[in-house]
Amino acid sequence: MRSQLTRHVLRRLRAHQGIPPCPTTRPSLRRYPAAARIARPVQRRTFLNFFQKAPRILKEPEVEPGFESLLKYGAMKNENLRPPPREELVKGFRDFFKYKKVNNRPVNAMQARVAHHVLKHLNEPGERSAEFTLTLADLRTAQISLQQRPRDDPTELLELARALFLQIRDLAKQKVRSSRYSRGGESKSAAVELFPDIATLLRILTQHGKSLEARHHLLTSWQSLQSDTKLGYGRTKGLWIPVLRGLAQEGREEELLDFLAKMQTRSGLEFGRSVHEIMTTFYAKKDDLETMKEWFYKPIEPARADDASVSENGIAETSSTSPPTPAQQTYAEVFRCAMRNNDTEWAISEYQLLTDTLPTLSETHYAEEAVLVIYRFAVLLLGKGPEHIEHMFKSNPDPNFRPNISIVNALIEAAVEKGDPYMAERLVALVPKFDLEPDRRHYSLIMDYRMQAGDLDGAFTAYRSLQNYDNDEDDWPLLNKLIRGLCSSPSPNHDKVLDVTSYLEQLAATLEPETVVALCMTFMKNDEQYEVIDTLSLHTVHYSWSERALISKAFTGFCLDTANSTARVWDAYALLRQFFPDTALEDRVKIMDTFFDRKRADMACHVFGHMRQHSNPKYRPTIETYVRCLEGIGRSPDLEGLKLVHNMLKMDTTVQPTTQLFNALMIAYTACEEPQRAMEFWKDIDNSAEGPSYHSLEIVFRTYEITPFGDEPAKQLWEKLHKMEIEIPVNVLAAYAAVLASNSHMEEVKKIIEDMEANTGQRPDVMTLGVVYNALPNDDFKDEFEAWSKEWFPHVWAQLEKIRRRRDAEGFRTFQITRPWKA
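Quick note: the sequence shown uses UniProt numbering, first residue 1, plus one each step.
Written as structure tokens, this is what we have:
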């Protein structure tokens, strides 16, 4: 029976380390059915197979519920096939967005686009049953799930949100009309029915940089919302706050002031703590000190006691009778602005005033906020150290200043903001000294500042302590950062990397694309391909196009890195092709070129063949790709690969031969020492309407150079060029001289080089003399040419002699120069 233990546990047991307290194996159980396996282990027939270790079991990709049905619709639509049944799409839509809402997972650009296409398809006119139609509840679930911020471009998400709102509005109006008809007019109005949907749409628009659009929606619908007495002032006024905050975050000062004026005149919204915080922090972040002070000193109006207010997250709250004071965030930004603008004296006076008024807040929930601000800016503003903080803990009789873990955490945050990890470490020592109980946030902060200080071992120790607490998704970015830090160390500890990675995967967390890149590059350099497959299988199915492109570019960069061995590069390319079939054509061409540069034309031709076989025409080779592949074969000759590529060209109806393509074929066949086959393409060029180019002339002379008795046709072509009075460039002249040299016409070679300046306007260079020298058939001719060159072109020959010489396959001396092929 095949063991379920992974190689990580087995490796630890073999090393006599025992099983660690926290399991480092990757989760094998899935909470919902997985899609088809992406990769399969290679099967081999061996002798006495029952003594062999069981093959490695690959992880299954986790596709979110319902999304596979949505993807199937997109694939069938692209291929003009019949879409999946309507009931399957409706169920997939429901399951997908229900999962997103329940698990608070963002909808990325690719998922939003696919869902939008399905929504349009389901709304197409036609007969349908109520069972296979999206309900108002389904659409609202989808709309609520769009409130989570994606990591990529939100354009597709916003398009889906707008489409959902329009459909919700139509269904809500139908529901209100039918309810009035059945109940005699005693039902909810359209404003009441649509109120939560409008609030959700405003939050989606404002958090994705569309505050102007949100303002337009609110202003156009405000009259109907205000006219309905069932909504009440407290609920409707909450719609203004997210729009106001969105305008501030986008830096729209003019629109912000105009909207605030309309908000106060139309809705009568008081200048409460939220509005005070938005306006004050807006000018504080702009470093407009004087305007910031004006808004900071504006009196905060208390909320109405007879109305319920609605917070930005949509939760109803009752108004408080506590004295109106600025919020913690307001004080923090105000003090930072004053410090940046060298007005610490004013900031210290406000800090002291806040400390003095703390007793008046002791019976309110603002007291805790004020205490955290006081302690944090005792470090940032007053420059107090751990000793003074400890003295404050011991000497202040006010119970509000009694030490607790929240205060210590605030102090650590201040030390980190100050850029002093040593102070943060000393502040951590206050926890056992005052017998405080650390919480998850405490260890998160320790892990954060230790990583900033480069203490990865200390950060990993804090992570170990973090595991003793319940899961908190807010820590996932920090754990991703820890993985990247461990991977970037000079000698990565793979056990620690797998420990943190497995912990996140057991929590069903999707790693950030940058983390997946770091993991895959580390595993590839350690030849752990199965770990790369596991990582890609578990996480890439959740990524959008831009996130997948980020990982694809990293694999492409790995393939192009000359420091990596050819075997590792081929493994990386195989994984790239397997998991990222949407890799850009230009990246595939670069990988093909790098294999040619590594003198592995067989691998390069396989890469070209994979492009040719791609199901998407977008990624198939163009005429430029054929030319680059054939030029690569010219640099790294491989007759078998050339025949393979040429056969693909013959079968490719999308490519029409040109002079450049014929040039490339001549290059490839000449490099593979098939001059007779290459000359057939010269005939095609000569008979074509386009005719030869200068590159064609150079290539045909280089073909004559390796052709038996090629000097006679070369001379005929040369005479023809002179009769046609064609201007001869240096590279063509050098190629013709090499033909003569290879056939022992020494005197003619000397005459051509001597007259070179008169004919071309340029003196012979290092390449010209080197090409002719290498083409000479034996060492006697080479010695004669060397003596002649030293006499006629001493400076050029002196430069040429700096290039190393070696014996070729026939035992003759040649310079180590490379003649470039260009079609």
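By construction, the Cβ of each residue, glycine as well, lies at the ideal position given by its N, Cα and C atoms. Bear in mind the structure is a predicted one, so any value in this text is a computation, not a measurement.
- Sixteen is the threshold: when 16 or more other Cβ atoms of the shown chains lie within 10 Å of the Cβ of I752, as they do, the residue is buried.
- Leaving aside the five residues that flank Y469 on each side, the residues in its chain whose CB is nearer than 8 Å to its CB run, in chain order, D439, R440 and Y443.
- The alpha carbon of D420 has as its nearest neighbour, out of F401, S395 and R450, the alpha carbon of R450.
- DSSP places R162 in the helix class (H, G or I) of the three-state scheme.
- Between D602 and G641, the C-beta spacing is below 7 Å.
- Relative to the Cα of A429, the nearest Cα in the group R402, N400, E387 and D398 belongs to E387.
- A distance below 8 Å between beta-carbons, with the five flanking residues on each side excluded, links I389 to the following residues of its chain, in chain order: Y375, A378, V379, L411, L427 and L430.
- Non-local beta-carbon contacts of I483 in its own chain, meaning distances under 7 Å to residues more than five positions away in sequence, involve V497, V500, T501, T515, A518 and L519 in chain order.
- Annotation: the continuous alpha helix (DSSP H) that includes F259 extends over E253 to K262.
- F709 counts as exposed, since fewer than 16 other C-beta atoms from the protein chains shown sit within 10 angstroms of its C-beta.
- According to the DSSP secondary-structure assignment, T814 is paired through a beta bridge with R806.
- Here the stretch 65 to 73 makes no contact with the stretch 545 to 552; the two share fewer than three CB pairs at distances below 8 Å.
- Nearest C-alpha to I699 among F96, G691, S565 and K822: K822.
- L353 sits exposed, since fewer than 16 C-beta atoms from the chains shown fall within 10 Å of its C-beta.
- Ranked by how close their Cα comes to the Cα of V192, the residues R677, W682, F460 and Q223 have Q223 in first place.
- Secondary structure of W570 (DSSP, three-state): helix.
- Spatial neighbours of V771 in its own chain (CB-CB distance under 8 Å, excluding positions within 5 residues in sequence) are listed in chain order as A734, A735, A737, A738, I817 and R819.
- For D95, the secondary structure class from DSSP, reduced to helix, strand or coil, is helix.
- Across the structure, F558 and I198 are spaced so that their CA atoms are roughly 48 Å apart.
- Nearest to L361 by C-alpha distance, out of T325, F335, T344 and R813, is T325.
- Closest by C-alpha distance to G485, out of Q452, Y503, T461 and W476, is Q452.
- Annotated as distal: Y331 and V275, with beta-carbon spacing of 7 Å or more.
- Put simply, the stretch 287 to 299 does not touch the stretch 257 to 265. Fewer than three CB pairs are less than 8 Å apart.
- Cβ-Cβ separation between L630 and A664: approximately 4 Å, consistent with a contact (criterion under 8 Å).
- If you look at H121, you'll find it in the alpha helix (DSSP H) that goes A109 to L122.
- N104 and Q167 do not touch by the CB rule: their CB atoms are close to 24 Å apart, not below 8 Å.
- Here R612 is not near M666, since their CB atoms are 7 Å or more apart.
- Distances from the CA of L194 to each of A214, R203, A172 and R215 were compared; the closest alpha carbon is that of A172.
- Counting the other Cβ atoms within 10 Å of the Cβ of H391 gives fewer than 16, which makes it exposed.
- Take the alpha-carbon of K77 and the one of K100: they are about 25 Å apart.
- Linking E757 to M767 through their CA atoms gives a straight-line distance of about 15 Å.
- If the five residues before and after H539 are omitted, its C-beta is found closer than 6 Å to the C-beta atoms of T510, L511 and V516, all from its own chain and listed in chain order.
- Ranking R702, G383 and V408 by CA distance to the CA of E437 puts V408 first.
- R763 is classed as exposed because its beta carbon has fewer than 16 other beta carbons within 10 Å across all chains shown.
- Taken in chain order, the whole alpha helix (DSSP H) runs of length 4 or more contained in the stretch 686 to 765 are 694 to 706, 711 to 723, 730 to 742, 746 to 754 and 756 to 760.
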